[in-house]
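> These protein sequences, in sequence, are chains A, B and C. Going letter by letter, the first sequence gives residues 1 to 209 in the numbering used here. Going letter by letter, the second sequence gives residues 1001 to 1209 in the numbering used here. Going letter by letter, the third sequence gives residues 2001 to 2209 in the numbering used here. All residues carry an ideal CB built from backbone N, CA and C; glycine is no exception. Everything numeric in this text was worked out from a predicted model, so none of it was measured. Have a look at the structure that comes next, please.
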Amino acid sequence: MHTTMLIEVFSFVAIVAWAMTGALAAGRRSMDWVGVFILAAVTALGGGTMRDVFLDHYPLYWVERPWLLGLTTAAALAAIAFARFIHRLKNTFILLDAVGLVVVTIVGCDVARQLGHPMAIAVLAGMITGCAGGVVRDILCNQIPLLFSSELYASVSIVTGILYVGGLELGFDAGVMAIAAAAAGLALRLLAVRFSWGMPRFVYTKDWV
Amino acid sequence: MHTTMLIEVFSFVAIVAWAMTGALAAGRRSMDWVGVFILAAVTALGGGTMRDVFLDHYPLYWVERPWLLGLTTAAALAAIAFARFIHRLKNTFILLDAVGLVVVTIVGCDVARQLGHPMAIAVLAGMITGCAGGVVRDILCNQIPLLFSSELYASVSIVTGILYVGGLELGFDAGVMAIAAAAAGLALRLLAVRFSWGMPRFVYTKDWV
Amino acid sequence: MHTTMLIEVFSFVAIVAWAMTGALAAGRRSMDWVGVFILAAVTALGGGTMRDVFLDHYPLYWVERPWLLGLTTAAALAAIAFARFIHRLKNTFILLDAVGLVVVTIVGCDVARQLGHPMAIAVLAGMITGCAGGVVRDILCNQIPLLFSSELYASVSIVTGILYVGGLELGFDAGVMAIAAAAAGLALRLLAVRFSWGMPRFVYTKDWV
């Protein structure tokens, strides 16, 4: 109960933080306010939308809670209003983004589990929920998704998901596992940012393909 | 009844006009005919497809009416055949595009309303129907969507949607509201093109994000 | 029965070959392993996913068979491991890709037919199954889809689909038609690659649109 509420609160925090980073990405390309609002909404809500479409899980969560679109728009307006100062909050955003990633991953795993899907799909659903919004944001900004070349991010989501879903499969308490998996994922993400840990790169230079 | 038929006729006009602009966008990147036909179909039908997927509204309208794909392909062939002369019709296209935008917005609002969604989702469904096709076209052309930086377009769709759905909520007649909202949206769009009205831009130049 | 098994085997071959080309495309942009795995999965499974979402055909086939994601990841690892030698297999890949295209097209047609859709939608479903994965791969690589400018590919899929579905409509045996349509499509594709047959291009140079 207590954990469920915590997760809900943190997932709103994630939506606000992601909406603001989406708005800043729009601002870096000098988009107008329409672009800013759309980038904010897509970044914050795109991952869960893709998960729900893939799992046939309707109504989409923002269709059921339209005020979430008001929340992402308000967050985008805040990003515009405080753009001059916001870069000083870089570390705060990295922390909020990391908290959001692990919390939203757990939410995504739960959605797939409640639909009766096996562990592999639950972990994948968690990763899509946590990561796909940023991928769509980068496509709309006409760049190769950062997810494919930056510090551990999708990997953090997968580790969090495996710990969480694996713990549930082993019969542990959902609340305990959520906190343990989130803490482990959060630590891994923050260490990865601090020490620039990334997955190895695959460099292929032949002409073909 | 009369209004419903008018809306249907104008929404086919919109599909033809959008398919032709999609074909021209493909031609500007020297795509082959396959690319031209796909861009035409995606530009004309992409918005309604995205709305239907988000709202779980099946079968998709072009799955139910496959001849629409013949219509977009015929429009693309016409764009190829008359490419030399078509730029003289720029003003005609701007008008048809604007008529299409407001009419298709109203169609999108109606779909969401018939599914029982609240006003905010109906307005959003109208905007997605009117605007998302062009966004996917621009992504397939590897450029940042024009929607995020040009004259009022998504805003016109939202204004049209709010007037229409708001009027229905207040108990006005659907036919009257459709005509009133379409006229207001059309005027706003044409004024925006004429006087280059756009939303303010958000320019963010810091390195971060 | 025999044909069904053949089709199933070849569609796994297609998934492996497409996953490897997706991994190589990621390697050409120096993505990390996360990007490589995602590109492999998207290239191999994206077409069928898009078809299923458009036709409301749930559960998605990789949700029902999560081991397919293991298969694409294993294929991606193989591409990384053998990257130095893999360009020598260019002709093998062209052959496997062509076999995959026609086989997966037939699978896609069958899905739409089993859902009761008319011939046009069945042919289109086959084309989406065969071609859309490569389109999404190219979008994630930030380039205009190759499908829109290279040798006959979508056209091969459409010809295969029309032969197959048309034959079934005329009352021919499904197994016979599958083999005949696949053979014709395969021959067309290999001839197109050998002689650089492409669709005509549409070159539009006016400023407008």
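Quick one: Cα of Pro200/A to Cα of Gly126/A, how far?
Taking the first sequence and counting its residues from 1, the one referred to as residue 200/A is at position 200. Taking the first sequence and counting its residues from 1, the one referred to as residue 126/A is at position 126. Spanning the two alpha carbons is a distance of roughly 23 Å.
> Cβ of Leu2069/C less than 8 Å from any chain A Cβ?
For the purposes of this step, residue 2069/C is identified with residue 69 of the third sequence, where counting begins at 1. It does: the Cβ of Leu2069/C has a partner Cβ on chain A nearer than 8 Å.
> What is the residue span of the alpha helix (DSSP H) that Ser1157/B lies within?
As a working note, residue 1157/B is residue 157 in the second sequence. Ser1157/B -> alpha helix (DSSP H) spans Ala1154 to Glu1169.
> To the nearest angstrom, report how far apart Ile162/A and Val123/A are at their CA atoms.
Locating residue 162/A in the first sequence gives position 162, where the first residue counts as 1. Locating residue 123/A in the first sequence gives position 123, where the first residue counts as 1. Those two C-alpha atoms are separated by around 6 Å.
> Taking the alpha carbon of Leu2068/C as the reference point, which residue from Gly2048/C, Leu2170/C, Leu2055/C and Gly2027/C has its own alpha carbon closest?
Position 68 of the third sequence, counted from the start, is the residue given in the question as residue 2068/C. The shortest C-alpha separation from Leu2068/C is found at Gly2048/C.
> With the cut-off set at 8 Å, would you say Phe1082/B and Ile1128/B are in Cβ contact?
As a first step, residue 1082/B is located in the second sequence; it is residue number 82 there, counting from the start. As a first step, residue 1128/B is located in the second sequence; it is residue number 128 there, counting from the start. No, these two residues do not count as a Cβ contact at 8 Å.
> Applying the 10 Å Cβ sphere with the 16-neighbour rule, what's the burial state of Leu1024/B?
Taking the first residue of the second sequence as 1, we reach residue 1024/B at position 24. The residue is buried, with at least 16 neighbouring Cβ atoms inside 10 Å.
> In the region 1139-1172 of chain B, which residues sit with their C-beta less than 7 Å from some C-beta in chain A, listed in chain order?
Against chain A - using a Cβ distance shorter than 7 Å - the residues of the region 1139-1172 of chain B are Ile1139, Asn1142, Gln1143, Ile1144, Pro1145, Leu1147, Phe1148, Ser1149, Ala1154 and Ser1155.
> Between the alpha carbons of Met973/B and Gly1166/B, how many angstroms are there, rounded?
With chain B running from 1001 to 1209 in the structure shown, residue 973/B is simply not present.
> State yes or no: is the beta carbon of Asp2110/C nearer than 8 Å to at least one beta carbon in chain B?
As a working mapping, residue 2110/C is identified with position 110 in the third sequence. Answer no: the Cβ-Cβ gap between Asp2110/C and chain B never drops below 8 Å.
> For Val1099/B and Phe1010/B, what's the separation of their Cα atoms in angstroms?
Your numbering for residue 1099/B matches position 99 in the second sequence. Your numbering for residue 1010/B matches position 10 in the second sequence. Approximately 7 Å, taken between the alpha carbons.
> Please look up how many angstroms separate the CB atoms of Trp197/A and Leu190/A, rounded, as I've assumed it's under 8 Å.
In the first sequence, counting from the first residue as 1, residue 197/A sits at position 197. In the first sequence, counting from the first residue as 1, residue 190/A sits at position 190. Actually they do not touch by this definition, with Cβ atoms about 10 Å apart.
> If I measure Cβ to Cβ from Leu1115/B and keep anything under 7 Å in the same chain, skipping five residues before and after, which residues do I get?
Within the second sequence, residue 1115/B is the residue found at index 115, counting from 1. Closer than 7 Å at the Cβ level, and outside the excluded window around Leu1115/B, lie Leu1055 and His1057.
> Rounded C-beta distance between Ile38/A and Phe1012/B? I'm assuming under 8 Å.
The count along the first sequence starts at 1 and reaches residue 38/A at position 38. The count along the second sequence starts at 1 and reaches residue 1012/B at position 12. So it is not a contact: roughly 27 Å between Cβ atoms.
> Between the region 2135-2143 of chain C and the region 2082-2095 of chain C, do three or more beta carbon pairs fall short of 8 Å?
In short, these stretches do not touch, since the Cβ pair count stays below three.
> Here's a check: name, in chain order, each residue in its chain whose Cβ is nearer than 7 Å to the Cβ of Gly1022/B, leaving out the five neighbours to either side.
Taking the first residue of the second sequence as 1, we reach residue 1022/B at position 22. Answer for Gly1022/B: Leu1039, Ala1040, Val1042, Thr1043, Ala1044 and Arg1137, listed in chain order.
> Of all the CB atoms in chain C, is at least one closer than 8 Å to the CB of Arg201/A?
For the purposes of this step, residue 201/A is identified with residue 201 of the first sequence, where counting begins at 1. Answer yes: the Cβ-Cβ gap between Arg201/A and chain C drops below 8 Å somewhere.
> By a C-beta neighbour count over all protein chains shown, 10 Å radius and 16 as the cutoff for buried, is Phe2202/C buried or exposed?
Taking the first residue of the third sequence as 1, we reach residue 2202/C at position 202. It counts as buried.
> Less than 8 Å between the CB atoms is what I'm expecting for Gly185/A and Val102/A, so what's the real figure, rounded?
Taking the first residue of the first sequence as 1, we reach residue 185/A at position 185. Taking the first residue of the first sequence as 1, we reach residue 102/A at position 102. Right, the Cβ-Cβ distance comes to about 4 Å (below 8 Å), so this counts as a contact.
> Please confirm if Leu191/A has its CB atom under 8 Å from at least one CB of chain C.
As a first step, residue 191/A must be located in the first sequence, where it is residue number 191. No, Leu191/A does not count as interfacial toward chain C.
> Determine the chain C residues that contact Ala120/A at a beta-carbon separation under 9 Å, and present them in chain order.
Your numbering for residue 120/A matches position 120 in the first sequence. Going along chain C in sequence order, the residues near Ala120/A (Cβ under 9 Å) are Pro2066, Trp2067, Leu2069 and Gly2070.
> Could you tell me the boundaries of the alpha helix (DSSP H) in which Asp2007/C lies?
If you number the third sequence from 1, residue 2007/C lands on position 7. Per the sequence shown, residue 2007/C should be read as Ile rather than Asp. Run containing Ile2007/C: His2002 to Arg2028, per the alpha helix (DSSP H) assignment.
> Using a cut-off of 7 Å between C-beta atoms, extract the partners of Tyr204/A located in chain C.
Here residue 204/A corresponds to residue number 204 of the first sequence, with the count starting at 1. Leu2024, Gly2027, Arg2028 and Ala2083, listed in chain order.
> Which residue from Thr1004/B, Val1034/B, Glu1151/B and Gly1108/B puts its Cα closest to that of Ala1132/B?
Along the second sequence, one-based indexing puts residue 1132/B at 132. Minimum Cα distance to Ala1132/B is reached at Gly1108/B.
> Using the beta-carbon of each residue, which ones in chain A are nearer than 9 Å to His1117/B?
As a first step, residue 1117/B must be located in the second sequence, where it is residue number 117. Correct list: Pro59, Val63 and Pro66.
> Helix, strand or coil for Gly198/A? Go by DSSP, reduced to three states.
Against the first sequence, residue 198/A aligns to sequence position 198. Here Gly198/A sits in strand by DSSP.
> Could you tell me whether any Cβ in chain B is nearer than 8 Å to the Cβ of Leu2124/C?
Walking along the third sequence from the start, residue 2124/C turns up at place 124. It does; some Cβ of chain B falls within 8 Å.
> Got a sec? Which residues, its chain only, sit under 6 Å from Val2156/C by beta carbon, not counting five neighbours each side?
Your numbering for residue 2156/C matches position 156 in the third sequence. Gly2185, Leu2188 and Arg2189, listed in sequence order.
> Quick one: Cα of Arg84/A to Cα of Met31/A, how far?
Stepping through the first sequence from its first residue, residue 84/A is reached at position 84. Stepping through the first sequence from its first residue, residue 31/A is reached at position 31. The straight-line gap from Cα to Cα measures roughly 17 Å.
> Taking all protein chains shown into account, decide if Glu2151/C is buried (16 or more other Cβ within 10 angstroms of its Cβ) or exposed.
On the third sequence, position 151 is the one that residue 2151/C refers to. When all chains shown are included, Glu2151/C counts as buried.
> Using only CA atoms, which one of Ile2015/C, Val2036/C, Arg2113/C and Met2005/C lies nearest to Val1063/B?
Stepping through the second sequence from its first residue, residue 1063/B is reached at position 63. Ranking the options by Cα distance to Val1063/B, first place goes to Arg2113/C.
> What runs of the alpha helix (DSSP H), each 4 residues or longer, lie entirely inside the region 1083-1117 of chain B?
Within the region 1083-1117 of chain B, the complete alpha helix (DSSP H) runs of at least 4 residues are 1083-1086 and 1090-1114.
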